[in-house]
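Below: one structure, written as structure tokens.
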Amino acid sequence: MPRPLSSHRTTHRLAADAGLLAVAAAFALPLAWVILSSLDTDADLRVKVPDGVTLDNFDAVLTPEITFTPLLNSLLLCGGGTALTVVCAALAAYPLSRFRSRLNRPFLLTILFATSLPITAIMVPVYALFVQVNLIDTLQGTIFFFAASQLPFAIWLMKNFMDGVPKELEEAAWTDGASSLQSLVRIVLPLMGPGMAVVTVFSFVMMWGNFFVPFMLLLTPDQMPAAVSINEFFGNRGTVVYGQLAAFSVIYSTPVILLYVLVARRLGGGFALGGAVKG
Amino acid sequence: MRNAARSLTRALTLTPAVVLLLLFLAGPIAYCAYIAFTDLQLTGQAQESFVGFDNFRTAFDDEAFRNAVWLTLVFTVVSALLGQNTLGLALAALMRRASKPVRTLVGAVVIAAWVLPEVVAGFLLYAFFRREGTLNAILDWLHLPTQNWLFTLPILAVSFANVWRGTAFSMLVYSAALGEIPKEITEAAEVDGAGGWRRMWHITLPMIRRSIGTNLMLITLQTLSVFGLIWVMTRGGPGGRSQTLPLFMYEEAFQKSMIGYGTAVALLLLVVGSLFSVVYLRLLRTEV
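If you read the protein sequences in the order shown, they are chains A and B.
Per full-length UniProt numbering, the very first residue in the first sequence carries number 1; after that it's consecutive.
Per full-length UniProt numbering, the very first residue in the second sequence carries number 1; after that it's consecutive.
This is the structure:
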């Protein structure tokens, strides 16, 4: 009896492997295009192995105007937005996780409701509002909006991670006379390092890849982050140099891929989803 | 004394987040609800005036709006409900049986597509679907007819693009859900001689039904707000044939300067999103 069952299992495994590899191949084709094209000065729109591997495309795009300024803008925008998000979320999560109150449940429900609102839909009114209060085309205005749009999910995640830190550790500090804020900064936050890392990386990755928000709220080309400036490759420069577009895409995508790998490694693949969307 | 100190801490620590949320999230939503009922325009207007439900009446009479609603439905059903959801579940189920190297490889490729910035994903799939792109190269090689996908079937092309970009989310949700089904249950069914499909239908799916509900809600909401991917691939064209509601809203508000009208469309989108959001909360209600 065990024998047919195990050979049955092997067949199943081979079938599963074959099916998965077929899907992976389909998913890999566009990824292969961007990597191969970035190394090929004659790149066009189809996947092909370059005649000779060169870094000429990278050389051509690694100028202040094309790459460094937009990446620096992205870094300021997303770094600022992330810092603001993480600080506000950590502060807000603390009373929600530690003190009982009648207001906790309605507050958390509102937060959870806000996490799933389509932010795209409010960009037109945000634009109109920003024009009226002179925040349009400013870095700080965009940072504030980024932080506000990311905050609901960040608070929700942060609160869930904070719930995992035992309360007893803090109570000891309280009897020693530490204030709530001191115990948050000295005891709770250090103990939820992985959780902080998830919230930080998740916020940063979401902002780094966001196109619509800076596209709407920033106007001056010099302020544009990479998400928007990448469209210049299709702009008024005549024919599109696909090799250079691919090289820029690789440079622009690398930070978020690395950050994801860094966090996913530590947390075993589930990333932020485990705590967030458990059904 | 301690209680007073605590309520003070509580108020102080919540303040920055609440202020940000009120000013930059609740504020715009309220403003949205206001200007949707005005004739606000982008330029050359002293004062907008209140026009009641005119914008909404215009919308429902507008062929382009009805087209956008229809395309949004197609886009959501094809790419989220059928595409991402089914493919994500299939991948998660297959990964439980596959050998480890294959599992790791597939996970890496599918998740890479998800982590890439939206605009980059748009370019990659633009290149894939273009007349001289990879898809046609493959069809050529197989001696199948080729066509200019972004022109003949733009809404399907962008739907597939969204499947490519978004499937990882469903895959991760379902991997977690399937991992929580006790092994004894599937083994007992196997001993009873239930085949793979019957096990899936009668045991697995009912056990993960809450995850299915959550996942469907979340991917629907994500898909409703897709803008950059479609904008990069087709700009909503050709001739509005891939213009979903976010792109329609953008065009009315900025290319045609009708902020009031664009916002009315945005408000409809927001209301639909809120309804889904409420359903999602009900699904989660035991968790909070």
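Just so it is clear, CB atoms sit at the ideal spot from N, CA and C, and this is done for glycine as well.
- At a cut-off of 7 Å between C-beta atoms, R265 of chain A does not count as an interface residue with respect to chain B.
- Scanning its chain for C-beta atoms nearer than 6 Å, with the 5 sequence neighbours on each side dropped, one finds around W149 of chain B the residues F129 and A157, in chain order.
- Between G262 of chain B and L224 of chain B, the C-beta spacing is not below 7 Å.
- With a contact defined as Cβ atoms closer than 8 Å, P95 of chain A and R10 of chain B qualify at about 4 Å.
- Proximity of H8 of chain A to chain B, defined by a Cβ-Cβ separation below 7 Å, is not satisfied.
- Along the region 209-234 of chain A, the positions whose C-beta sits under 9 Å from a C-beta of chain B are G209, N210, F211, F212, F215, M216, A226, A227, V228, I230, N231, F233 and F234, read in chain order.
- F99 of chain A sits in coil when the DSSP states are folded into three classes, being neither helix nor strand.
- Those residues of the region 231-254 of chain B placed with their C-beta closer than 7 Å to a C-beta in chain A are P246, M249 and A253, ordered along the chain.
- Taking 7 Å as the cut-off, the Cβ atoms of A247 of chain A and S38 of chain A count as close.
- For a Cβ distance threshold of 8 Å, residue set F24 and L25 of chain B lies close to S149 of chain A, ordered along the chain.
- If you draw a straight line from the Cα of A5 of chain B to the Cα of L12 of chain B, it comes to about 10 Å.
- Note on geometry: alpha-carbon atoms of W174 of chain A and L191 of chain A lie some 17 Å from one another.
- Between S170 of chain B and V78 of chain B, the CB-CB gap reaches or exceeds 7 Å.
- Contacts with chain A at 7 Å (Cβ-Cβ) include I259 of chain B.
- F50 of chain B carries a strand assignment under DSSP once its states are collapsed to helix, strand and coil.
- In this structure, Q41 of chain B sits away from S242 of chain B, with a CB-CB distance that is not shorter than 7 Å.
- In the DSSP assignment, T38 of chain B forms a beta bridge with B:F50.
- Each residue's CA atom was taken as its position, placing P106 of chain A and F113 of chain A some 10 Å apart.
- Taking a Cβ-Cβ cut-off of 9 Å, the neighbours of W164 of chain B in chain A comprise A26, F27 and P30, given in sequence order.
- Listed in chain order, the alpha helix (DSSP H) runs fully inside the region 238-288 of chain B are 245-250 and 259-283, counting runs of at least 4 residues.
- Minimum Cα-Cα distance from I230 of chain A among the listed residues A:P30, A:V61, A:D44 and A:G19 corresponds to A:V61.
- With respect to the 7 Å criterion, A147 of chain A and L23 of chain B are not classified as neighbours on the basis of their beta carbons.
- Counting only the Cα atoms, L169 of chain A lies some 8 Å from I187 of chain A.
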